[in-house]
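Beneath this line is the structure, given in structure tokens, with notes to follow.
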Amino acid sequence: MILIVDDDPAVRLSLKLLLSRNGFETVLATSPKEAMETVRTETPELVMLDMNFSRATTGEEGITLLRQIKIFQPDTPVILMTAWGSIPLAVEGIHAGAFDFITKPYDTLILLEKIKRALQLSNPNNFRELVKKDCTLDLHLSILKYQEKSIELTRNEFRILYYFFMNEDKVISKEELLEKLWNDKYYLDENVLLVNMTRLKKKMKEIGIVHLLENI
Numbered sequence: 000m001i002l003i004v005d006d007d008p009a010v011r012l013s014l015k016l017l018l019s020r021n022g023f024e025t026v027l028a029t030s031p032k033e034a035m036e037t038v039r040t041e042t043p044e045l046v047m048l049d050m051n052f053s054r055a056t057t058g059e060e061g062i063t064l065l066r067q068i069k070i071f072q073p074d075t076p077v078i079l080m081t082a083w084g085s086i087p088l089a090v091e092g093i094h095a096g097a098f099d100f101i102t103k104p105y106d107t108l109i110l111l112e113k114i115k116r117a118l119q120l121s122n123p124n125n126f127r128e129l130v131k132k133d134c135t136l137d138l139h140l141s142i143l144k145y146q147e148k149s150i151e152l153t154r155n156e157f158r159i160l161y162y163f164f165m166n167e168d169k170v171i172s173k174e175e176l177l178e179k180l181w182n183d184k185y186y187l188d189e190n191v192l193l194v195n196m197t198r199l200k201k202k203m204k205e206i207g208i209v210h211l212l213e214n215i
């Protein structure tokens, strides 16, 4: 299901018809409140978000909504819809977690290709494992494998390792982990993160991994 967030009735209807003709189920939202209700209850596969849906603003409301969507559904891809004059705003949206953007009036073939690509890359059935430094993270089973040995991971341990695997050769601070994985660095006690890290390193050491988390 694709969530369309736009306050322009004509845009909503044309996009809904286009996607329906191409086999996609859609849900419409005209405000941030409606959009967040759908995100919380329906778990859309993709969000099409108009960055300027509130015509009286400069797009800040669209960026705020994008960030809220990524908090509740961090793995749901968001494609931004924007006017030519608002491309810098769309780039800001990419930095805030959007998957891609398209300018209005959009080319339907390009839009459908972007939607197809977003759904393919976000579908967990299209990839099962991440590999880094000879270690393999199984995304379906939450297992870390190394030299024919493996360990099962708790939810928090998996989230820590997934973020590490997705950030190549980057030094990751505890503040960044708290903010990115739990969305609010002041919400989770640092001691909880420390306990998870200590337990995770102990588990990895048991199967011979001593080199993986050196950048954290």
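Each residue of the sequence shown is one higher than the one before, counting from 0 in the working numbering.
A virtual CB, placed ideally from N, CA and C, is assigned to each residue, including glycine.
Inter-residue spacing [alpha-carbon to alpha-carbon] between residue i and residue j
i, j, result
"GLU44", "GLN119", "10 Å"
"LEU14", "SER141", "37 Å"
"THR75", "SER121", "7 Å"
"MET0", "VAL26", "7 Å"
"LEU211", "LYS132", "7 Å"
"ASP99", "MET196", "33 Å"
"THR57", "LEU88", "Note that THR57 has pLDDT 48, beneath the 50 cutoff, so the model's placement of it is unreliable and the number below is only indicative. Approximately 9 Å between the Cα atoms of the pair."
"CYS134", "GLY207", "10 Å"
"LEU143", "LEU193", "19 Å"
DSSP three-state assignment for residue i, whether helix, strand or coil
i, result
"SER148", "In the sequence on display, residue 148 carries Lys and not Ser. It is a strand residue."
"THR135", "strand"
"LYS103", "strand"
"THR75", "coil"
"MET1", "First, the residue type needs correcting, since residue 1 is Ile and not Met in the sequence shown. Strand at ILE1."
"ILE42", "One detail in the question is off: residue 42 reads as Thr in this sequence, not Ile. Reduced to three states, the DSSP call for THR42 is coil."
"LEU12", "helix"
"HIS210", "coil"
Limits of the alpha helix (DSSP H) - the one that residue i falls within
i, result
"LYS204", "189–205"
"VAL46", "Not the alpha helix (DSSP H): VAL46 falls in the beta strand (DSSP E), residues 45–49."
Beta-carbon spacing of residue i, residue j below 9 Å
i, j, result
"ARG66", "ALA34", "no"
"ASP49", "ASP106", "no"
Counted within 10 angstroms of its Cβ, other Cβ atoms place residue i as buried (16 or more) or exposed
i, result
"THR37", "buried"
"LEU46", "Residue identity check: residue 46 is Val in the sequence provided, not Leu. So VAL46 counts as buried."
"ARG11", "buried"
"ILE114", "buried"
"THR81", "buried"
Below-9 Å beta-carbon distance, residue i vs any chain B residue
i, result
"VAL170", "Note that chain B does not occur in the displayed structure, where there is just one protein chain."
Where the beta strand (DSSP E) containing residue i begins and where it ends
i, result
"LEU27", "25–28"
Closer than 8 Å: residue i CB and nearest the ligand PLP heavy atom
i, result
"PHE157", "The ligand PLP is absent from the structure shown, which contains no ligands of any kind."
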